[in-house]
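Trainee:
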Amino acid sequence: MILLCAFPALPLIASPDFEKEVAPVLEQTCLFCHNAHETKGDLDLSTRAAAFAFEGTIVPGDPEASLLIEVVSGPDPDMPKKADPLSAEQVETLREWIAAGAEWPEGRTLVHDLPNVFPNKNFHSDYLQAHG
Ligand code: HEC
118 MILLCAFPAL
128 PLIASPDFEK
138 EVAPVLEQTC
148 LFCHNAHETK
158 GDLDLSTRAA
168 AFAFEGTIVP
178 GDPEASLLIE
188 VVSGPDPDMP
198 KKADPLSAEQ
208 VETLREWIAA
218 GAEWPEGRTL
228 VHDLPNVFPN
238 KNFHSDYLQA
248 HG
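Take the sequence shown: its position 131, counted from the start at 1, is 248 in the working numbering, and no numbers get skipped.
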């Protein structure tokens, strides 16, 4: 009895480590367009509160119902816009993180870090020129 009470609700799936595995994927592939200043599609992925502001973007425990997984999956993913699709491994990391409850450490703010995705340094101005 005491043991049961000491370990409530253990997650069924081990989550990828947010700091080591999840944050780098988001920071390198999404944060450029989805941060507090650049909220493409009204989506800010920089903080837990912002990322969870719209019901359905991230549904803890249910990656299939999560728009964030939908847009990076499939043969011709919508996101990241104007860049190579995520690797199967990166998608799997996000999927497992959501399946395990989408834990996001309190106070952790993501910042963009995009050398891998946008080798073109003029990307930002090119993008703005093309899209206003
Ligand atoms: C180069 C800019 C850019 C990058 C990088 C980018 N997005 Fe987007 N995102 C957009 C734009 C623009 C929209 C608005 C909808 C549209 O134009 O398709 C959007 C919309 C979205 C939406 C809302 C879609 C909807 O149907 O309402 C989600 C979810 C999303 N992005 C997730 C992501 C994720 C996850 C990543 C990283 C893997 C990412 N985005 C990377 C530009 C970007």
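Backbone N, C-alpha and C fix where the C-beta goes; we use that ideal spot for every residue, glycine too.
(1) Determine the DSSP secondary structure at Thr174, reduced to helix, strand or coil.
(2) Does at least one heavy atom of the ligand HEC sit under 7 Å from the Cβ of Phe135?
(3) Report buried or exposed for Ala205, applying the criterion of at least 16 other Cβ atoms within 10 angstroms of its Cβ.
(4) By DSSP's criteria, Thr210 is part of a beta bridge. Which residues make up the other side?
(5) Quick one: does Asp134 have its CB under 8 Å from some CB of chain D?
(6) Where are the alpha helix (DSSP H) runs, 4 residues long or more, that stay fully inside the stretch 142-169, in chain order?
(7) Give me the residue from Ala216, Val228 and Asp159 with the minimum Cα distance to Pro133.
(8) Heavy atom of the ligand HEC less than 7 Å from the Cβ of Leu227, yes or no?
(9) Under the three-state reduction of DSSP, which class applies to Val139: helix, strand or coil?
(10) Please return the same chain residues whose Cβ sits closer than 6 Å to the Cβ of Glu136, not counting the five positions on each side in sequence.
Mentor: This is what the structure holds:
(1) Residue state, collapsed to three classes: coil.
(2) The answer is no for Phe135.
(3) Counting Cβ neighbours within 10 Å, Ala205 comes out exposed, since fewer than 16 surround it.
(4) For Thr210, which the question treats as bridged, DSSP gives no partner whatsoever.
(5) No chain D is present in this structure, which holds just one protein chain.
(6) DSSP runs (the alpha helix (DSSP H)) wholly in the stretch 142-169: 165-168.
(7) In terms of Cα proximity to Pro133, the closest of Ala216, Val228 and Asp159 is Ala216.
(8) Every heavy atom of the ligand HEC is 7 Å or more from the Cβ of Leu227, so no.
(9) Helix, per DSSP.
(10) If we look at Glu136 and ignore the five residues flanking it on each side, it has no Cβ neighbours.
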